[in-house]
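Protein chains in written order, with this note's numbering: chain A, 788 to 917; chain B, 788 to 917; chain C, 788 to 917; chain D, 788 to 917. Note that CB positions come from ideal geometry on N, CA and C, so glycine has one too. Model, not experiment: these values are computed from the prediction.
4 protein chains.
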Amino acid sequence: VIEHSSTVRVRYGETDQMGVAYHATHVLWFETGRTELMRAAGLPYAELERRGILLLVTDLSCRYRAPALYDEEVRITTRVARLGKASVRFEYFLFNPAGRLLADGHTELASVGRDKRPVRLPEDVVRKLS
Amino acid sequence: VIEHSSTVRVRYGETDQMGVAYHATHVLWFETGRTELMRAAGLPYAELERRGILLLVTDLSCRYRAPALYDEEVRITTRVARLGKASVRFEYFLFNPAGRLLADGHTELASVGRDKRPVRLPEDVVRKLS
Amino acid sequence: VIEHSSTVRVRYGETDQMGVAYHATHVLWFETGRTELMRAAGLPYAELERRGILLLVTDLSCRYRAPALYDEEVRITTRVARLGKASVRFEYFLFNPAGRLLADGHTELASVGRDKRPVRLPEDVVRKLS
Amino acid sequence: VIEHSSTVRVRYGETDQMGVAYHATHVLWFETGRTELMRAAGLPYAELERRGILLLVTDLSCRYRAPALYDEEVRITTRVARLGKASVRFEYFLFNPAGRLLADGHTELASVGRDKRPVRLPEDVVRKLS
Numbered sequence: 788v789i790e791h792s793s794t795v796r797v798r799y800g801e802t803d804q805m806g807v808a809y810h811a812t813h814v815l816w817f818e819t820g821r822t823e824l825m826r827a828a829g830l831p832y833a834e835l836e837r838r839g840i841l842l843l844v845t846d847l848s849c850r851y852r853a854p855a856l857y858d859e860e861v862r863i864t865t866r867v868a869r870l871g872k873a874s875v876r877f878e879y880f881l882f883n884p885a886g887r888l889l890a891d892g893h894t895e896l897a898s899v900g901r902d903k904r905p906v907r908l909p910e911d912v913v914r915k916l917s
Numbered sequence: 788v789i790e791h792s793s794t795v796r797v798r799y800g801e802t803d804q805m806g807v808a809y810h811a812t813h814v815l816w817f818e819t820g821r822t823e824l825m826r827a828a829g830l831p832y833a834e835l836e837r838r839g840i841l842l843l844v845t846d847l848s849c850r851y852r853a854p855a856l857y858d859e860e861v862r863i864t865t866r867v868a869r870l871g872k873a874s875v876r877f878e879y880f881l882f883n884p885a886g887r888l889l890a891d892g893h894t895e896l897a898s899v900g901r902d903k904r905p906v907r908l909p910e911d912v913v914r915k916l917s
Numbered sequence: 788v789i790e791h792s793s794t795v796r797v798r799y800g801e802t803d804q805m806g807v808a809y810h811a812t813h814v815l816w817f818e819t820g821r822t823e824l825m826r827a828a829g830l831p832y833a834e835l836e837r838r839g840i841l842l843l844v845t846d847l848s849c850r851y852r853a854p855a856l857y858d859e860e861v862r863i864t865t866r867v868a869r870l871g872k873a874s875v876r877f878e879y880f881l882f883n884p885a886g887r888l889l890a891d892g893h894t895e896l897a898s899v900g901r902d903k904r905p906v907r908l909p910e911d912v913v914r915k916l917s
Numbered sequence: 788v789i790e791h792s793s794t795v796r797v798r799y800g801e802t803d804q805m806g807v808a809y810h811a812t813h814v815l816w817f818e819t820g821r822t823e824l825m826r827a828a829g830l831p832y833a834e835l836e837r838r839g840i841l842l843l844v845t846d847l848s849c850r851y852r853a854p855a856l857y858d859e860e861v862r863i864t865t866r867v868a869r870l871g872k873a874s875v876r877f878e879y880f881l882f883n884p885a886g887r888l889l890a891d892g893h894t895e896l897a898s899v900g901r902d903k904r905p906v907r908l909p910e911d912v913v914r915k916l917s
């Protein structure tokens, strides 16, 4: 299993009037998690896109367990949960500095070409994410 | 079943460099859907909050079926799928102007007080959402 | 002077923990203002882009006078303040339902081609925005 | 003059269909700039807010000079340009990794209490930001 940890700091603009991070923000953090995992695996997503392969989110879930607070450093643990011929599933776990699980979830991504039609993940991508 | 339809227009800032609406935007549209359903049910969420009852998102899913494009009017059909003692589940269906299903999903919300502890949904709320 | 009014409703995710609309949100509302002005002038921006002409924001200002609150309907009055050979300046005034000025500002936009190089505004665009 | 540098990486969701960072995003980066300047000055904004002092943005400008691209590390140089009795003005300069100026701008912030009325900046704040 490929796993990677990165951190983000909760921005003021990401809070809402409940005084906590707005729930759509976690989706952005998931993106940061998989971007940094891919970079660490030697496969920057920007490079993949330059090669004409786009990863399109097809499925998303998030379970919110405790609020993330302004200016907190949130740790994102990301792992590749499943690797298909033309898709990849990432799982995410968000923790606050005290180690408390704030949220967890997943995204499923389809590999498509510039025309948005499915394409097989190249061999080197499969290898690096395995 | 309580059901309601509203529309949003895809903003430029909601697109990404794939040329489609970024996937976190759908979560904001879900919010618009339930806000307008609640307003139509005679229960503006802003009023509920003034009474000290907050609805906190605890669970979210979204399945993306087709991209939403810039400036398109997206129709959101929202319904109350389940009403618990201190929680409510909404389901959402997003359609483009041609009637094609773009995405569907759900959110589960917990009713909490200003201290973020669970509180029962007031009787009039239950009645209006039933 | 071409002038147009439209409205937006303050979304929950647009508020911050001060309990007011976050100040970057006004920039999105400005965009809604000019998009709707252009549509009303018979010149949908999406169409302009399909013709290969992009309007790129080069300058922005906003003066914040009073907070915009959650779920309020904000009225945006937009006008074309100046029309150059390859640029256009819009001015914006945001009002709350009570008619109070919440903020005002401007954006300057450059007309560029798909390669991001300056191009003259087509004649029909100039005419429709004059 | 107090000056500080920090970096942000352009997120996918911050791009738009022009293939560059959407112009409202720069406003969020300005916030990151001043937040990190204040932290470096021994004055985390979160702490200031806990003491009951809020900094409300009253004025904003940004001049866009070159596009910021996806996944680029943007360097933010922030400085305190003016310090009033109940206000502070920050200036920002955004650079890409090649050292090219992408944008510059300012924000003016008013110090207010929890009731949003102006309050003098405490002496230690003035000292740390001078």
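Legend entry - Test: ALA811(D) CB closer than 8 Å to a CB of chain B: Yes - at least one Cβ of chain B is within 8 Å of the one on ALA811(D).
Inset, instruction - Give a yes or no on whether the minimum CB-CB distance between ARG850(B) and chain A is below 8 Å. - result: Under the Cβ criterion of 8 Å, ARG850(B) is counted among the residues facing chain A.
Legend entry - Residue burial classification, ARG907(D) (beta-carbon count within 10 angstroms, cutoff 16): Exposed, because fewer than 16 other Cβ atoms sit within 10 Å of the Cβ of ARG907(D).
Inset, instruction - Determine the contact status of LEU815(A) and LEU896(A), defining contact as a CB-CB distance below 8 Å. - result: Taking 8 Å as the cut-off, the Cβ atoms of LEU815(A) and LEU896(A) do not count as close.
Legend entry - Backbone CA spacing between THR865(C) and ARG869(B) [nearest angstrom]: Rounded to whole angstroms, THR865(C) and ARG869(B) show a C-alpha spacing of 43 Å.
Inset, instruction - Output the distance between the C-alpha atoms of VAL797(C) and GLU910(D), rounded to the nearest integer angstrom. - result: CA-to-CA, the gap between VAL797(C) and GLU910(D) works out to about 36 Å.
Legend entry - Contacting residues, own chain, Cβ-Cβ under 7 Å from ALA828(A) (five flanking each side not counted): Excluding residues within five positions, the ones whose Cβ falls inside 7 Å are ILE789, LYS915, LEU916.
Legend entry - Exposure of ALA885(B), with buried meaning 16 or more beta-carbon neighbours within 10 Å: Under this definition ALA885(B) is an exposed residue.
Inset, instruction - Can you grab the Cα-Cα spacing for the pair VAL795(C) / GLU801(C), in whole Å? - result: Spanning the two alpha carbons is a distance of roughly 12 Å.
Inset, instruction - Decide if ASP803(B) is buried, meaning its Cβ has at least 16 other Cβ atoms within 10 Å, or exposed. - result: So ASP803(B) ends up on the buried side.
Legend entry - Top-ranked residue by Cα proximity to TYR799(B), from LEU889(C), GLY820(C), ALA808(C): Per the Cα distances, GLY820(C).
Inset, instruction - Could you pull out every residue in the same chain whose Cβ sits closer than 7 Å to the Cβ of VAL899(B), ignoring the five residues on either side in sequence? - result: For VAL899(B), the CB contacts under 7 Å within the same chain, skipping 5 residues up- and downstream, are LEU841, LEU843, PRO905, VAL906 in chain order.
Legend entry - Neighbouring residues, chain A, relative to TYR799(D) (Cβ below 8 Å): Within chain A, the residues near TYR799(D) are GLU818, THR822, TYR832.
Legend entry - Residue from PHE882(A), GLU860(A), ALA855(A), SER848(A) whose Cα sits closest to the Cα of ASP891(B): Residue SER848(A) is the option with its Cα nearest to ASP891(B).
Legend entry - Contact residues within the segment 877-908 of chain B, judged by C-beta distance below 9 Å to chain D: Listed in sequence order: no entries.
Inset, instruction - Flag MET805(D) as yes if its beta-carbon sits less than 8 Å from any beta-carbon of chain C, otherwise no. - result: At least one chain C Cβ lies under 8 Å of MET805(D).
Inset, instruction - Say whether chain E places a C-beta atom closer than 8 Å to the C-beta of THR802(D). - result: Among the protein chains in the structure shown, which are A, B, C and D, there is no chain E.
Inset, instruction - Give the DSSP-derived three-state secondary structure of TYR851(D) in the structure shown. - result: Three-state result, TYR851(D): strand.
Legend entry - CB-CB length for VAL861(C) against ALA855(C), believed under 8 Å: Indeed they touch by this definition, with Cβ atoms about 6 Å apart.
Inset, instruction - Along the beta strand (DSSP E) that carries HIS813(C), what are the first and last residues, could you check? - result: Taken as a continuous stretch (DSSP letters only), HIS813(C) belongs to no beta strand (DSSP E), being part of the alpha helix (DSSP H) at 812-827.
Inset, instruction - Starting from VAL875(D), trace the beta strand (DSSP E) both ways and give me its first and last residue. - result: Element bounds for VAL875(D): 874-882.
Legend entry - Environment of LEU824(B) [buried if 16+ CB atoms lie within 10 Å]: LEU824(B) should be labelled buried.
Inset, instruction - Express the C-alpha separation of TYR879(B) and GLY893(B) in angstroms, rounding to a whole number. - result: The question names Gly, yet the displayed sequence has His at residue 893(B). HIS893(B) and TYR879(B): Cα-Cα distance of roughly 6 Å.
Inset, instruction - Please report the Cβ distance between ASP846(D) and ARG887(C), rounded to the nearest whole angstrom; I am assuming they are in contact, meaning their Cβ atoms lie under 8 Å. - result: The pair is not a contact, with the Cβ atoms about 18 Å apart (cut-off 8 Å).
Legend entry - Rounded separation between VAL807(B) and ARG901(C) - CA only: VAL807(B) and ARG901(C): Cα-Cα distance of roughly 17 Å.
Inset, instruction - Flag this pair as yes or no: are the beta carbons of ALA811(B) and ALA833(A) separated by less than 8 Å? - result: Going by beta carbons, ALA811(B) and ALA833(A) fall outside the 8 Å limit.
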